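*Asks:*
Chains as they are written, first to last, in the numbering used here: chain B, 1 to 780; chain D, 1001 to 1225.
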């Protein structure tokens, strides 16, 4: 199913257009057989008319499709803005992760503590604001329009900035300037930027063996790009189930390194019976010797079979997901292919596939398999054994894409049958990934459409604008040497870049974008090499579709076969609807003009036009279903990223509390501690905690669970006592003193289990609970 | 051929090879362990090697973890760093950016190990590609001095200084081991092997535990081939 991944409708999200290009499926072959340039221009033209008339906002179509589209559009906007928020939050949490670690180790000076604290306090939502004057708003609106619509400037900038500067630049580019992740114009402009940077890299890498290997602006762009909505939801739909079912098998050991197997075998034997022959085996043998041991082979052989089965399963879903692969990802694969062919004319398919694999598998699929938690595919960190299995799976997949050298790990050669069996299939798959259409022909048009709609705007923060301004200024010598270029003119008018403002003064600005160098829509027909007849034809089609979508489907006018004259007439004479009347009159005019130009023929009921209108309507009908199922999918995506957001926020809260606690303790030495109030006890039943996931394992027999309860008390900030009670008994069965430090440290070390003898708590969940329950006014 | 060891169990050390993509981490490691030059384009996700070497007449078992240089695998780094006792920081002398990235890696190691004197060797690989040199030897050496780590220029292709970098790292680890510098958490785990990511229990440094700091005596050197 290609629903959510096909390129989105071209008309901008701001309009209620109904146009949905038929042939924009990303499965279209890029070879012959696709539509001609001219035809694509007609489609674009049609989109233009649709969007223009819709933009008049005096004709708002209110059918089910329009409503469904609106829901979908809102959802997409939410996903775009939420994923930006998460990206920013993640950065904060990462920063604090490292700081808190130092703090836990008591290695942070007081000033630094204060600095971290201020960082935390600022990590709230940025308020909205505006530039002090219209002039600035206008000039920055011009600048951002130029940057957005001419991606070459940013592409060039990406090559000039240092690796230290690139992260914040990319954040602005991917989540703000082209932040509307489901809008084709922005997506296509972003991809154009990719292409320019990729081309540069191909041109400047001497040998292909080092291509796409280093961490460069391109690779950083790829990482950030895969973090956008479409990439995330693809990974989730293709990998999440397989990974989750695998990590449930915590004890499934699929180690095939003979040395490790050998050692573990001895260890286990020693534990069981130190006198057994296995326990007496010599230690410290070589890998080859271990591999020859028949017992080791006996253990490894079935594991090889299982690994192969598991990897086959992953491969199958990935290959089946061809049509679901985001357009942008596939298009990048296509660029890699064509750049490789251009630079190395002798390159065979194998080399091309190797390079595609170094993007698709190495940078997109495999990182998600190996570290699924950081891709929001699973909640917890996988246990050691599943983690190892996932690593093997990723290695096997990577070996399919590249030429594996068993010089590294000779025992991997045992998995050669998997490689042989799938190599051709995977190469075919990777070449098929490249079979997507280009968008250049429509991009120009998209830009015109965007121009014609006066509602282009960007939500961007002051600091993002100033940072961008500063970077452009810094590289002025390279970016705009020609002082008559548009960029140079705008930059000289803007003057010197203002410094970054403190976080709490940062504001989100709703910046209207527009060009100072307007292109008149009327010039389009000439520029596009489209005849007047075609323009009339498109407009007529568009108007009839609009009329038909507005009138009730069961009215006599809408009966089939469509009688266009009658429909125009009905619209023109409709009561109390001036817009309809206007549309009707225009439709009649167009019909007669087309008749005069001999494009359509009244005697055959304008069948040429009628059939196209009918086709469009049918397409819109199926479009509704497409829109609905896309909505369902995206709702799930939205939920995932919201959950992730909640996790990030709670993580920040925990850090905040901890820090307050540390600081109040160090203050407490000099000042009397302010009200040392004991909080709690709060009582929780076994059932409650189990439901919330705090209890992850319980040894309490089912029939006794109802009698078990827990008390949580906080005698001091940052200190907690958890006690376990049995109904009817005075004394608790067990009492545990906990320091927040310890919990944080356990979390940091990925130790998720907190053992209470009878039950096992989940550390992150305990933290969340304490956080919620014991939040003192200022921290804990 | 069966090797047996005397009463004294062999020391076992965990080495982690880090550096950005394409600098030749795997080539160095495979040359060292298997005496083989890898020609093919084969990006690493995670490879582990085990080998035994003699260092100043003492047998040492090395468990070497060769890591992914691809930045997308960054989430795995923490785990590696926790498990490692000695680190090879590799860059390519043909790329300034690859050297720049080492600073972040080093900071992360020191943060995670909570130890500024953790054994590190800095390696400028691809020294045979003289015509493509982009990093000044003196500049790299200055950085290595600031880090208090020895610097080698090596070539996995010509097998130059390959053994030397690993042996130097072993010496550093042995020296710490001898002088009792290793805390339990990263102490020599003799005999039985363990997988990376295991042995977490020993890893916790209590909040109050202060690591002893030690100035390494002036053994900075720039090894020129």
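Positions of the beta carbon are idealized from the N, C-alpha and C atoms, including for glycine. Just so you know, these numbers come straight off a predicted model, no measurement behind them.
#1: Taking 9 Å as the cut-off, decide whether the C-beta atoms of residue 326 of chain B and residue 287 of chain B are in contact.
#2: Taking 6 Å as the limit between beta carbons, can you name the residues of its chain near residue 363 of chain B, skipping five residues before and five after?
#3: Compare the C-beta of residue 328 of chain B with all C-beta atoms of chain D and state if any pair is closer than 9 Å.
#4: Less than 6 Å between C-beta atoms, sequence neighbours within five positions excluded: which residues of the same chain meet that for residue 1016 of chain D?
#5: Compare the beta carbon distance of residue 759 of chain B and residue 724 of chain B with 9 Å and say whether it is the shorter of the two.
#6: Per the contact definition of three or more C-beta pairs closer than 8 Å, is the region 1054 to 1061 of chain D in contact with the region 1021 to 1039 of chain D?
#7: Note down the Cα distance separating residue 254 of chain B from residue 84 of chain B, rounded to an integer number of angstroms.
#8: Between the alpha carbons of residue 627 of chain B and residue 491 of chain B, how many angstroms are there, rounded?
#9: Considering only the beta carbon of each residue, do residue 1021 of chain D and residue 1068 of chain D sit closer than 9 Å?
#10: Rounding to the nearest angstrom, what Cα-Cα distance links residue 1160 of chain D and residue 1167 of chain D in this structure?
#11: Strictly below 9 Å CB to CB, what residues from chain D border residue 363 of chain B?
#12: Closer than 9 Å, CB to CB, is residue 1082 of chain D near chain B or not?
#13: Measure the Cβ-Cβ separation of residue 370 of chain B and residue 310 of chain B and say whether it is below 9 Å.
#14: Kindly indicate which three-state DSSP category residue 161 of chain B falls into: helix, strand or coil?
#15: Does any residue of chain D have a CB that is nearer than 9 Å to the CB of residue 370 of chain B?
#16: Given a limit of 9 Å on CB to CB distance, which residues of the region 154 to 172 of chain B reach chain D?
#17: Between the alpha carbons of residue 1100 of chain D and residue 166 of chain B, how many angstroms are there, rounded?
#18: Starting from the N-terminal side, write out each stretch of the alpha helix (DSSP H) that is 4 residues or longer and does not extend beyond the region 562 to 587 of chain B.
#19: What does residue 764 of chain B touch in chain D if you count any residue whose Cβ is under 8 Å from its own?
#20: Bridge partners for residue 708 of chain B per DSSP, in chain order?
#21: Under the rule that 16 or more other beta-carbon atoms within 10 Å means buried, what is residue 395 of chain B, buried or exposed?
#22: Looking only at its chain, what residues have a beta carbon closer than 8 Å to the beta carbon of residue 353 of chain B, apart from the 5 residues adjacent to it on each side?
#23: Let me know the secondary structure DSSP gives residue 232 of chain B once reduced to three states.
#24: Does the region 541 to 549 of chain B touch the region 568 to 588 of chain B, meaning 3 or more C-beta pairs lie closer than 8 Å?
#25: Does residue 750 of chain B have its Cβ less than 9 Å from a Cβ in chain D?
#26: Which term fits residue 597 of chain B, buried or exposed, when burial requires 16 or more other beta carbons within 10 angstroms of its beta carbon?
#27: So, is the C-beta of residue 1195 of chain D closer than 9 Å to a C-beta in chain B?
#28: Taking C-alpha atoms, which residue in B/713, B/715 and B/727 lies nearest to residue 706 of chain B?
#29: Judging by CA-CA distance, which residue of B/308, B/306, B/305 and B/279 is the nearest neighbour of residue 295 of chain B?
#30: By the three-class DSSP mapping on this structure, what secondary structure does residue 598 of chain B have?
#31: According to DSSP, is residue 1193 of chain D part of a helix, a strand, or is it coil?
#32: Taking the DSSP output, what are the residues bridged to residue 133 of chain B?
#33: How is residue 203 of chain B classed by DSSP in three states: helix, strand or coil?
#34: Just mark residue 366 of chain B as buried or exposed, buried being the case when its beta carbon has 16 or more other beta carbons within 10 Å.
#35: I want to verify the contact list: residues of chain B whose CB lies under 8 Å from the CB of residue 1076 of chain D, in sequence order.
#36: On a CA-only basis, which of B/471, B/225 and B/65 is nearest residue 160 of chain B? Give me that one, please.
*Replies:* Looking at the atomic coordinates:
#1: By 1-based counting over the first chain, the position of residue 326 of chain B is 326. By 1-based counting over the first chain, the position of residue 287 of chain B is 287. Contact flag unset, no.
#2: For the purposes of this step, residue 363 of chain B is identified with residue 363 of the first chain, where counting begins at 1. So the list reads 222, once near-sequence residues are dropped.
#3: Position 328 of the first chain, counting from 1, holds the residue named residue 328 of chain B. By this cut-off, residue 328 of chain B is not an interface position.
#4: Within the second chain, the letter at position 16 stands for residue 1016 of chain D. Answer for residue 1016 of chain D: 1065, 1080, 1084 and 1087, listed in chain order.
#5: For the purposes of this step, residue 759 of chain B is taken as the residue at position 759 of the first chain. For the purposes of this step, residue 724 of chain B is taken as the residue at position 724 of the first chain. Yes. Within cutoff.
#6: no
#7: The residue labelled residue 254 of chain B in the question sits at position 254 within the first chain. The residue labelled residue 84 of chain B in the question sits at position 84 within the first chain. Each residue's alpha carbon lies about 38 Å from the other.
#8: By one-based count along the first chain, residue 627 of chain B stands at place 627. By one-based count along the first chain, residue 491 of chain B stands at place 491. Cα to Cα, residue 627 of chain B sits roughly 42 Å from residue 491 of chain B.
#9: Here residue 1021 of chain D refers to the residue found at position 21 when the second chain is read from its first residue. Here residue 1068 of chain D refers to the residue found at position 68 when the second chain is read from its first residue. Yes.
#10: The residue you call residue 1160 of chain D lines up with position 160 of the second chain. The residue you call residue 1167 of chain D lines up with position 167 of the second chain. Distance between the alpha carbons of residue 1160 of chain D and residue 1167 of chain D is about 13 Å.
#11: Translated into positions along the first chain, residue 363 of chain B becomes position 363. Ordered by position in chain D, the residues that pass the 9 Å Cβ test against residue 363 of chain B are 1070, 1071 and 1072.
#12: Stepping through the second chain from its first residue, residue 1082 of chain D is reached at position 82. So yes, residue 1082 of chain D belongs to the interface.
#13: Locating residue 370 of chain B in the first chain gives position 370, where the first residue counts as 1. Locating residue 310 of chain B in the first chain gives position 310, where the first residue counts as 1. Residue 370 of chain B places its beta carbon 9 Å or farther from that of residue 310 of chain B.
#14: Here residue 161 of chain B refers to the residue found at position 161 of the first chain. Looking at residue 161 of chain B - three-state DSSP - the assignment turns out to be coil, as it is neither helix nor strand.
#15: Locating residue 370 of chain B in the first chain gives position 370, where the first residue counts as 1. It does; some Cβ of chain D falls within 9 Å.
#16: 162, 163 and 164
#17: In the second chain, counting from the first residue as 1, residue 1100 of chain D sits at position 100. In the first chain, counting from the first residue as 1, residue 166 of chain B sits at position 166. Roughly 14 Å between the two C-alpha positions.
#18: 564 to 572
#19: Start at 1 with the first residue of the first chain, and residue 764 of chain B comes out as number 764. Ordered by position in chain D, no residue passes the 8 Å Cβ test against residue 764 of chain B, which lies about 16 Å from the chain.
#20: What you label residue 708 of chain B is simply residue 708 of the first chain in a count that begins at 1. Answer is B/726, bridged to residue 708 of chain B.
#21: Taking the first residue of the first chain as position 1, residue 395 of chain B is located at position 395. Buried, by the Cβ-count rule.
#22: For the purposes of this step, residue 353 of chain B is taken as residue 353 along the first chain, with counting starting at 1. Counting only Cβ-Cβ distances below 8 Å, and skipping sequence neighbours, we find 401, 426, 427, 430 and 431.
#23: Taking the first residue of the first chain as 1, we reach residue 232 of chain B at position 232. Helix, per DSSP.
#24: yes
#25: For the purposes of this step, residue 750 of chain B is taken as the residue at position 750 of the first chain. Judged by the 9 Å Cβ criterion, residue 750 of chain B is in contact with chain D.
#26: Against the first chain, residue 597 of chain B aligns to sequence position 597. By the neighbour-count rule (16 or more Cβ atoms within 10 Å), residue 597 of chain B is not buried but exposed.
#27: Your numbering for residue 1195 of chain D matches position 195 in the second chain. Confidence at residue 1195 of chain D is low in this model, with a pLDDT of 34, below 50, so its placement is unreliable and the value that follows should be read with caution. It does: the Cβ of residue 1195 of chain D has a partner Cβ on chain B nearer than 9 Å.
#28: For this step, residue 706 of chain B is matched to residue 706 along the first chain. Checking every option, the nearest Cα to that of residue 706 of chain B belongs to B/727.
#29: The sequence position of residue 295 of chain B within the first chain is 295, counting from 1. Cα-wise, what sits closest to residue 295 of chain B is B/279.
#30: Sequence index remark: in the first chain, residue 598 of chain B carries index 598 (1-based). DSSP places residue 598 of chain B in coil when its eight states are reduced to three.
#31: Here the question's residue 1193 of chain D lines up with position 193 in the second chain. Model confidence at residue 1193 of chain D stands at a pLDDT of 34, short of 50, so the residue's coordinates are unreliable and nothing is read from them.
#32: Translated into the one-based positions of the first chain, residue 133 of chain B becomes position 133. Residue 133 of chain B pairs with nothing; no bridge assigned.
#33: Looking up residue 203 of chain B in the first chain gives position 203. DSSP places residue 203 of chain B in helix when its eight states are reduced to three.
#34: If you number the first chain from 1, residue 366 of chain B lands on position 366. With 16 or more Cβ atoms within 10 Å of its Cβ, residue 366 of chain B is classed as buried.
#35: Residue mapping note: residue 1076 of chain D aligns to position 76 of the second chain, counting from 1. Per Cβ cutoff of 8 Å: 370 and 371.
#36: Position 160 of the first chain, counting from 1, holds the residue named residue 160 of chain B. Ranking the options by Cα distance to residue 160 of chain B, first place goes to B/471.
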